[in-house]
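For reference, the structure discussed in these notes is given below.
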Amino acid sequence: MTPAKELIFLALGGSGEIGMNVNLYGCDGKWLMVDLGMTFADPGYPGVDLVFADLDFIEERSEDLVGIVLTHAHEDHIGAVPYFAADLGVPLYATPFTADLVLRKLDEAGLRGEVELHVIDHLDEFTPGEGASPFTVRYLPLAHSIAEGNAVLIDTPYGRVFHTGDWKLDDEPQIGEPTSPAELTEVGDEGVLALVCDSTNVFNPEASGSEGAVRRALVDEIAKHDGKRIVVTTFASNVARVQTLAQVAQEAGRRVCVAGRSLDRIIDAAQASGYLQDFPDMVDFDTAMSLPRGEVLIIATGGQGEPRAALARMASESHPIELTKGDVVLFSSRQIPGNELAIGRIMNQLAMREITMVTDRQELIHVSGHPGRPELEALYSWLRPEILVPVHGEVRHMREQVRVGAAAGVPKQVFQVNGDIVRLAPGKPGKIGETRTGRLVLDGDIIVPADGEAIASRRRLALNGHVNVVLPPKGSKAAPLINCIGLPLDEDEAEFLVEARDDILSAIGKLKGGKAKDRDTVRETVRLAARRAARRWSGKNPQVTVMDFEDQ
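Residue numbers (full-length UniProt numbering): 1 to 552.
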């Protein structure tokens, strides 16, 4: 569809899930994209690391897309840029810190010269795209767990949209100056048609908390462990937390060591954008190990259980930083849902070596970057939108924000999920249609459908194993060759192979006339016979491949 004289909202990712944020606004024949993110694969995608929203809808309309506005630099908002931005062929817009990280991604992909990136270093309005565009946009800084978290204010002929991105309220943000309540109230005075709002922490009855409070808690916690080597793991992108940790280390008389390439990259980007200017000189791993244990603080990646990150390697004793009984690991980050088992494995490895661990459940050493219910209600009161559109959450989060918004007096609420086409204006807001959405995965070096045969086959192999049968040449009286992978047979495998061969020969022998000569019929008969034998012996339904000897 092409938007007519109307304002439309369509999420291709991030509504009905947390992560992979891709949002579209349609107006007067044109489209504007806000964010182009990804998510990390769960075990349901074996062999895959990255998952993307399927952009087929907007790729078919790319000539009407005026630009991509990026709210901030978290991977679930910018991670898909190197994979799709060049093909979409429209300019990107980002504030300096986000732009720096995007450029690094484009450099790694060899795309720096193929993607047009505009760095917006001011809070004035700008018009995405060339020529006539129905959209004007300006950034409004909001607190979040990364430098330069921004809402975007989108003006259209049909009203103004306040798209929050990821946000929270914080009186002591440590880095950056968020838009004040008075300034947000002024935006509300000017009129807000729709608030498109982060739903992640809607079930939290309390405000998320201040980065300043975390700083004080870290000072107190580190003081408890005098004479111990301390590792603090946090999200690399949380520049305010990294700065806090450096300051706390200096106050405690500790040198700072950084372990993790993503931390190195974020610190470089932050300093290039004017942040972390007073960051202390860091020591390398050898120096950190040579210092007295109470004179070093290591900031490390890996708090989500990533197997190749610094903390996992320390836990498995395969990192230059060595931890021993009595040393301390502070988890200054929350557990992202789905990572509990991976984090637990690392914690158990550390616990086996009697290393002390402290999490945000014990002390206030982390606060969320997303708004709790009081913060949502405060934003509603300042902006006074006509319409609330929850995004950035699972279905339960977005349904709950609809209820919270209604109770707070927002006149209209629109619940939507990926693929729902929502008209915001003119007329009554609501769903007017839907389009197909889906997921793509980066499988090796190739982007393929998440529900394609490659991934489906891999799942079947992982769950049920594989049996391969090679049929002898035509006219040969030799028995078929059979081998199996991943069946729970152990010492019974040899007996299984004999019985499976006999079943196959028996099944072939029952074919008469033309069926006995038709190779497709023979192969299917063999496949079913082999599968029945495998099921009888193992209880599994393996994937079975049948090949003719001539195909070898």
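Beta carbons are placed, not taken as given, at the ideal position from N, Cα and C, and that holds for glycine.
Problem - Exposure label - ILE230; buried when at least 16 CB within 10 Å - result: buried
Handout entry: Three-way DSSP call (helix, strand, coil) for GLN552 in this model
Key = Only weak support is given to the placement of GLN552: the predicted model assigns it a pLDDT of 48, under 50, and the value that follows is read from those uncertain coordinates. Reduced to three states, the DSSP call for GLN552 is coil.
Problem - LYS30: first and last residue of the uninterrupted beta strand (DSSP E) it sits in - result: Unbroken beta strand (DSSP E) run through LYS30: 30-36.
Practice task
Enumerate in chain order the residues of its own chain whose CB-to-CB distance from GLN543 is below 7 Å, with the five nearest sequence positions on each side excluded.
Solution key: Contacts found: SER457, ARG460, LEU461, ASN464 and HIS466.
Exercise for the section: Take the Cβ of ILE485 as the centre, count every other Cβ of all protein chains shown within 10 Å, and call the residue buried at 16 or more, exposed below. Expected result: Answer is exposed; the Cβ neighbour count stays below 16.
Exercise for the section: Keeping to the same chain, check which residues put their C-beta closer than 6 Å to that of TRP537; ignore five residues upstream and five downstream. Expected result: PHE496
Handout entry: Status (buried if at least 16 other CB within 10 Å, exposed otherwise) for VAL498
Key = exposed
Practice task
Sort LYS5, GLN174 and GLU17 by Cα distance to HIS144 and report the nearest one.
Solution key: GLN174
Exercise for the section: Could you tell me which of SER15, ARG293, PRO307 and LEU440 sits nearest to GLU394, measuring between CA atoms? Expected result: SER15
Problem - Residues that DSSP places opposite MET547 in a beta bridge - result: VAL470
Handout entry: Presumed contact (8 Å Cβ cut-off) between residue 554 and ASP121, rounded CB distance
Key = No statement about residue 554 is possible, as the shown extent of the chain runs from 1 to 552 and does not include it.
Handout entry: Given ASN418 as reference, the closest of VAL410, ARG436, GLY409 and GLY430 once Cα atoms are compared
Key = ARG436
Handout entry: According to DSSP, residues forming a beta bridge with ASP198
Key = VAL391
Problem - Under 8 Å between C-beta atoms of HIS72 and ASP166 - result: yes
Exercise for the section: Would you kindly check if the distance between the Cβ of ALA151 and the Cβ of LEU136 is under 8 Å? Expected result: Per the sequence shown, residue 136 should be read as Thr rather than Leu. At least 8 Å separates the beta-carbon of THR136 from that of ALA151.
Practice task
Identify every run of the beta strand (DSSP E) within the segment 407-453, keeping only runs that are complete inside it and at least 3 residues long; order them along the chain.
Solution key: 420-425, 430-434, 439-443 and 446-449
Exercise for the section: Please confirm whether LEU195 and PRO385 have their CB atoms less than 8 Å apart. Expected result: yes
Problem - Beta-carbon spacing of ALA187, LEU383 below 8 Å - result: Looking at the sequence shown, residue 187 is not Ala but Val. For VAL187 and LEU383, yes; Cβs fall inside 8 Å.
Handout entry: Inter-stretch contact (C-beta, 8 Å, three-pair minimum) for the segment 307-327 and the segment 241-259
Key = Three or more pairs of CB atoms, one per stretch, sit closer than 8 Å, so the segment 307-327 contacts the segment 241-259.
Problem - Per DSSP, cross-strand counterpart(s) of LYS325 - result: According to DSSP, which records beta bridges pairwise, LYS325 is partnered with nothing at all.
Handout entry: Three-state class that DSSP yields for ASN150 in the structure shown
Key = strand
Practice task
Could you have a look at TYR380 and say whether DSSP puts it in helix, strand or coil?
Solution key: If DSSP states are grouped into helix, strand and coil, TYR380 belongs with the helices.
Handout entry: Expected contact under 8 Å - CB spacing of VAL232 and ILE299 to nearest Å
Key = 6 Å
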